[in-house]
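Shown next, in structure tokens, is the structure this report addresses.
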Amino acid sequence: MSSAPSEQYDVETMSNQTQEEPLTLRALVSTKEAGVIIGKGGKNVAELREVTGVKAGVSKVVQGVHDRVLTVSGTLEGVAKAYSLIARTIIENSVQTQQTDGQEQNNHTDTAIATIRLLISHNLMGTVIGRQGAKIKYIQDLSGVRMTASKTLLPQSTERVVEVRGNVQSIEQAMSEIGTCLIEDKDRAYGTILYNPTKAAVNVQNNNFMPPRQHHQQQHHHHPSNVNNTSMEDIRTQHISIPSDMVGCIIGKGGQKISEIRKLSGSHISIAKFPHDDSGERMFTIQGTMGSNEKALFLLYGQLEAEKERRLRGVASMQPTSLEV
């Protein structure tokens, strides 16, 4: 007897569950774009909420900082639709002073290109990109958008930017596919340090080194004695992979740096002696409460960023100086 009906039922059930799962998608917007999205007296964002059923808001203005964070939460369909409407609003605002004929403006809006700068947890980038880029290529081919994934973490966070560039319709389809990826692998988002565009964060220099890979995390109910102040809280375990040539900077001379990170975070951190696969990366196991693990991640990433900047300065100092005649 064929198992096709059962398999079809399973696929449909999973699809329905994905559609009903809550989804939050954050994006970077300029101060000008934020004003357009909100609208006069909050008119535009109120209409967006009413039409799509999502919750949507923009972070507060920080003086001297040009970006704000747009947060949209709701069903997969609602969030995808909301981002397409946001793209339409941004496009319409950019062309309304250039177009006088309403029909021409509508036609232009449908075909014009907008860019959405999504904020995606580094832990989920593999899900969006796929093995050898297969998933991101599929999304691009299906929807018609162009996607560019940043190789670097945003300052003081574990998020990266994924630019989605396309027309209004293609953006909606791409957001639906991206959202599906995030929902189906949502457990990997644990421990994400959200990007907050403050002056301090904006002033941190980015670079082109690849950040560490994070792996699936687990929750345990035991209480090891070497994790401080956790006797009444659940202990969680998280794994991240770090290139072998960067491990020394995290350990520090005589283990000084890693000891400091353990002490400040309260998490137990162990380091594999050998690479765990062909990538040449070594596994770090972080064990502690949710709060202590997040702090440990923040400190580890900070140490990596400092080392990357030091190496970049070293490379720059070796470049030949051009002579002006």
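Everything in the sequence shown is counted per this note's numbering, starting at 64 for the first residue and increasing by one. All residues carry an ideal CB built from backbone N, CA and C; glycine is no exception.
For A177, DSSP records a beta bridge to G229. Proximity of the segment 347-357 to the segment 302-313 meets the contact definition, three or more beta-carbon pairs being nearer than 8 Å. Short of 8 Å from the beta carbon of M238, and not among the five residues preceding or following it, lie these beta carbons of its own chain, in chain order: L88, V142, A143, Y146, S147, I179, V227.
Looking at G196, H185, T174, E83, the one whose alpha-carbon comes closest to that of G207 is T174. In the same chain as F361, and ignoring 5 residues on each side of it, the C-beta atoms closer than 7 Å to its own belong to I256, in chain order. Contact check for L133 against V121 passes: the beta carbons are separated by less than 8 Å. Burial is judged here by how many other beta carbons sit within 10 angstroms of a residue's own beta carbon; Q126 has fewer than 16 and is exposed. Secondary structure of A212 (DSSP, three-state): strand.
In the structure shown, A109 adopts helical secondary structure according to DSSP, grouped into three states. Residues T190, V191, I192, C244 of the same chain have their beta carbon placed closer than 8 Å to that of K198, with the five preceding and five following residues left out of the count. Spatial neighbours of I183 in its own chain (CB-CB distance under 7 Å, excluding positions within 5 residues in sequence) are listed in chain order as V191, E222, R223, V225. For L91, the enclosing beta strand (DSSP E) starts and ends at 86-93.
Separation of the CB atoms of V117 and G137 is rounded to 3 Å, and the pair is thereby assigned contact status at 8 Å.
The shortest CA-to-CA distance from L91 to any of T81, Q195, R209, T261 is the one to T261. About 17 Å separates the beta carbons of S157 and H129, which is beyond the 8 Å limit, so they are not a contact pair. DSSP places R325 inside the alpha helix (DSSP H), whose first and last residues are 319-328.
In the displayed model, T348 falls within a strand according to three-state DSSP. Between K358 and S322, the C-beta gap is not smaller than 8 Å, which leaves the two residues out of contact. Per the DSSP secondary-structure output, R223 pairs in a beta bridge with I183. Comparing C-alpha distances from M353 to each of A252, E372, L86, G104 shows the shortest one belongs to A252. Where I256 is concerned, there is no enclosing beta strand (DSSP E), because DSSP gives it neither an H nor an E.
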